[in-house]
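Before any comments, here is the structure.
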Amino acid sequence: MPAAMGSRVRAASYVVLDEAARRRRQRKALEALELDNFHDDPHANLVMHKKAPKFDESLDGKTRPDRKRKARSFEYFKQRFRKTFSSLLEEEQQLEPDPPNYTSAAARPSARPERHLCAVCGFPSTYTCVQCGTRYCSARCLHTHQDTRCLKWTS
Numbered sequence: 313m314p315a316a317m318g319s320r321v322r323a324a325s326y327v328v329l330d331e332a333a334r335r336r337r338q339r340k341a342l343e344a345l346e347l348d349n350f351h352d353d354p355h356a357n358l359v360m361h362k363k364a365p366k367f368d369e370s371l372d373g374k375t376r377p378d379r380k381r382k383a384r385s386f387e388y389f390k391q392r393f394r395k396t397f398s399s400l401l402e403e404e405q406q407l408e409p410d411p412p413n414y415t416s417a418a419a420r421p422s423a424r425p426e427r428h429l430c431a432v433c434g435f436p437s438t439y440t441c442v443q444c445g446t447r448y449c450s451a452r453c454l455h456t457h458q459d460t461r462c463l464k465w466t467s
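For my numbering, add 312 to where a residue sits in the sequence shown, where the first one is 1.
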């Protein structure tokens, strides 16, 4: 098959999304990011048993001398009892129901035009993907976008 024929076949297989489908795709991507790694530490409440082996032996066969237990730091409790973003929002809404609060705060629109940045590398972009409307800056970023991102969230 000639090279020109391959590009025609590839161009015919493109699916160009309308604006509603692009918004739906963007919403799905944001939801997937919010759900990413959304679980508590399964080992947080595990208590070490006194009779369990500690395996503190060194390579030369000698064991370490017993040390005093370290006091728990503030950082330990911050990590152990952390809250999800939605629970923090609910708690803040109950404490301060009157505006201004997180849900009611808003900034005025910018006087400057919107910046168009590459979705792959973050540099200023001048091009838009024909299929999904995502911005990119170079052919290399376009290939990365098509291989890994383009139309991933549409299903």
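For every residue, glycine included, the Cβ atom is placed at its ideal position computed from N, Cα and C.
Check whether the Cβ atoms of R424 and S437 lie closer than 8 Å to each other.
no
For F397, which residues from the same chain have a beta carbon less than 6 Å from its beta carbon, with the 5 sequence-adjacent residues on both sides left out?
none
Tell whether a beta-carbon distance below 8 Å holds between T456 and V432.
yes
Taking A451 as the reference, give the member of N413, Y439, S422, R420 with the closest Cα.
Y439
Check whether the Cβ atoms of N413 and Q405 lie closer than 8 Å to each other.
yes
Kindly indicate the opening and closing residues of the alpha helix (DSSP H) around F397.
397-407
Return helix, strand or coil for T460, following the three-state DSSP convention.
helix
Going by Cα to Cα distance, which pick from Q443, C449, C462 is closest to E331?
Nearest to E331 by alpha-carbon distance, out of Q443, C449, C462, is Q443.
Taking the CB atoms as reference points, tell me whether R336 and G445 lie closer together than 8 Å.
no
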